[in-house]
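Engineer: Per the numbering used here: the sequence shown = residues 42 to 404.
Every residue gets a Cβ at the ideal spot worked out from N, C-alpha and C, and that includes glycine.
Sharing a structure, written as structure tokens. Questions coming.
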Amino acid sequence: MSAIRLDVTTASGSYPVIVGAGALDSLGQLMDEGGLGSDRVIVSSPRVWALHGARCSRLVGRRRREPVLVGDGERSKTVQTVGRVYEALITGGADRATVIVALGGGVIGDLVGFAAATYLRGVRLVHLPTTLLAQVDSAIGGKVGVNHALGKNLIGAFHPPSLVVADPLVLSTLPRREFRAGVYEVVKYGVIADPDLFDRVRARRAALFAQDPTELEAVVAASCRIKAEVVSDDERESGRRRILNFGHTIGHALEAVTEYRRFRHGEAVAYGMLAAAAIGMRRGVTPKAVGAAIAEIIVALGPLPPVSDLGISEVIAATGRDKKRVSGTLHFVAATRLGGTSELTNVSNREMRQALKDIGLRR
Ligand SMILES: NC(=O)c1ccc[n+]([C@@H]2O[C@H](COP(=O)([O-])OP(=O)(O)OC[C@H]3O[C@@H](n4cnc5c(N)ncnc54)[C@H](O)[C@@H]3O)[C@@H](O)[C@H]2O)c1
Ligand SMILES: [Zn+2]
């Protein structure tokens, strides 16, 4: 197995992110090397377990625990589901030495991570992300949490994992739309920090979607490297981590006004990046060629759900409720070139209105 190892530093130490086609087959060894106990419990969803559980069978520690399976729809990302994980841990006699292994997409990673952060005031956690989004984004950085009926991701914690193993081979079973949604986040990394990655997606889109292992591994590793670097610098999002929000201010608002039903997260971010490019170009901070390159790649990647029926004022109001606002000001990330950003403060409602029209909102 050829694998790439990246290290993420946190306030309390550092953890490795292993990216490699086939890396999951060495999971037991990787955990042994990391001193990650011999009592391990996997938490996954029925669907992901049925598809990929067998590959983790070598993991079983001394206690041969049964996997804990919970739903992984966004609607399952609740304190109630976390409660079911606690129950399985308690009845199974999990103690402070038990390592919790989350196998699944971002929903599983976030909710199982929250269980690990809080069970016995925190036990060790390993992420085995199985969606492209989870591999390049949610498994790295230590943010864990669940939704509340009144809003998304409102309950949470920082709980960095002890190990992340991203094996692109598991993505072969991912529905194409889920895969594509992850690619938009890859495009985001290209825009904010890595022009080569941007060009790679542009030039080798076909190989990427055909899931050529070399191509996938390169793209996942490049994305993870950026996320790892950014969160290492700034674990709690005071400064540099904000560049990761490129496309997310309006992206989150589009998700919220459609009650998280219409868009996959990455699709909303795709619109958000188009809107950010529109605002940046009007301000003169985003060169026209850069805005055009962003638009071109997003169009080439394929169809996005419609936005023409969405109300502009509702979307703007939703940006105001984004929890990433810092004492009332909206920090808006704009691209200054491929691979560079700057922050715009005081983006006006008028500018947002115009940008939303530019991306196709009509009401
Ligand atoms: N913690 C963070 O920093 C962070 C960052 C970004 C997103 N998130 C969170 O991530 C969540 C979204 O994650 P997601 O996009 O991975 O979606 P998801 O976890 O909902 O997974 C999407 C679907 O894919 C299925 N699936 C997962 N792996 C599969 C595989 N290998 N083959 C076939 N099907 C598979 C799942 O069963 C699910 O139906 C959101 O809740 C979001 O808030 C967290
Ligand atoms: Zn995102």
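Alpha carbons only, please: which of Leu130, Asp113, Gly124 and Glu128 is nearest the one belonging to Gly150?
Structural biologist: Selected option, being the one with the closest Cα: Asp113.
Engineer: Is the distance from the Cβ of Leu257 to the Cβ of Ala62 below 9 Å?
Structural biologist: For Leu257 and Ala62, yes; Cβs fall inside 9 Å.
Engineer: Ligand 2 and Leu174: does the residue's C-beta get closer than 8 Å to at least one heavy atom of that ligand?
Structural biologist: Yes, the beta carbon of Leu174 sits closer than 8 Å to at least one heavy atom of ligand 2.
Engineer: On the DSSP letters alone, give me the boundaries of the alpha helix (DSSP H) that His293 sits inside.
Structural biologist: Run containing His293: His289 to Val298, per the alpha helix (DSSP H) assignment.
Engineer: With DSSP run on the structure shown, which of helix, strand or coil describes Leu166?
Structural biologist: Three-state result, Leu166: strand.
Engineer: Taking the alpha helix (DSSP H) that Ser273 falls in, what are its first and last residues?
Structural biologist: Where Ser273 is concerned, the enclosing alpha helix (DSSP H) stretches over Pro254 to Asp274.
Engineer: On a CA-only basis, which of Thr327, Thr290, Arg246 and Pro202 is nearest Gly381? Give me that one, please.
Structural biologist: Residue Thr327 is the option with its Cα nearest to Gly381.
Engineer: Using a Cβ-Cβ cutoff of less than 8 Å, which residues in the same chain neighbour Asn188 once the five nearest sequence positions on both sides are dropped?
Structural biologist: Hits under 8 Å: Glu115, Lys118, Thr119, Asn194, Leu195 and Ile196.
Engineer: In whole angstroms, what is the alpha-carbon distance linking Gly325 and Ala263?
Structural biologist: Distance between the alpha carbons of Gly325 and Ala263: 29 Å.
Engineer: How is the alpha helix (DSSP H) around Arg88 delimited, first residue to last?
Structural biologist: Its alpha helix (DSSP H) spans residues Pro87 to His93.
Engineer: Use the C-beta contact count for Asn387: other C-beta atoms within 10 angstroms, 16 or more gives buried, fewer gives exposed.
Structural biologist: Answer is exposed; the Cβ neighbour count stays below 16.
Engineer: Which same chain residues, not among the five before or five after Asp350, have their C-beta less than 8 Å away from its C-beta?
Structural biologist: Cβ neighbours of Asp350 beyond the five flanking positions: Arg403 and Arg404.
Engineer: Measure how close the beta-carbons of Tyr301 and Ile400 come, nearest whole angstrom, since I'm counting them as under 8 Å.
Structural biologist: 19 Å between Cβ atoms; not a contact.
Engineer: State buried or exposed for Asp136, treating a residue as buried only when at least 16 other CB atoms are found within 10 Å of its CB.
Structural biologist: Classification for Asp136: exposed.
Engineer: Could you check the C-alpha separation between His372 and Ser389 for me, to the nearest Å?
Structural biologist: For His372 and Ser389, the distance between alpha carbons rounds to 11 Å.
Engineer: Does the distance from the C-beta atom of Val14 to that of Ile284 stay below 9 Å?
Structural biologist: In the structure as shown, the chain begins at 42 and stops at 404. Residue 14 is therefore absent and cannot be evaluated.
Engineer: Using the Cα positions of Gly78 and Ala318, report the straight-line distance between them to the nearest angstrom.
Structural biologist: Looking at the two C-alpha atoms, the distance is approximately 47 Å.
Engineer: Looking at Gly146 and Val206, is the spacing between their C-beta atoms short of 9 Å?
Structural biologist: In this structure, Gly146 does not lie closer than 9 Å to Val206 by Cβ.
Engineer: Going by the beta-carbon positions, is the gap between Arg106 and Val82 smaller than 9 Å?
Structural biologist: For Arg106 and Val82, yes; Cβs fall inside 9 Å.
Engineer: Go ahead and pull the three-state DSSP assignment for His306.
Structural biologist: His306 falls in the helix class under three-state DSSP.
Engineer: For Tyr27, which residues in the same chain have their Cβ closer than 7 Å to its Cβ, ignoring the five residues on either side in sequence?
Structural biologist: Nothing in the structure corresponds to residue 27, since the chain is present only between 42 and 404.
Engineer: Please state whether the Cβ-Cβ distance between Ala359 and Ala297 is less than 9 Å.
Structural biologist: Result yes, Cβ atoms of Ala359 and Ala297 sit closer than 9 Å.
Engineer: Can you find a heavy atom of ligand 2 that lies under 8 Å from the Cβ of His306?
Structural biologist: Yes, Cβ of His306 sits closer than 8 Å to a heavy atom of ligand 2.
Engineer: Can you find a C-beta in chain B that's less than 9 Å from the C-beta of Val126?
Structural biologist: Among the chains of the structure shown, chain B does not appear; only one protein chain is present.
Engineer: Would you call Val374 buried or exposed, if buried means 16 or more other Cβ atoms sit within 10 Å of its Cβ?
Structural biologist: It is buried - the Cβ of Val374 has at least 16 other Cβ atoms within 10 Å.
Engineer: Cα-Cα, which of Ser67, Val185, Val271 and Gly307 is closest to Gly288?
Structural biologist: Taking only the C-alpha atoms, the option nearest Gly288 is Gly307.
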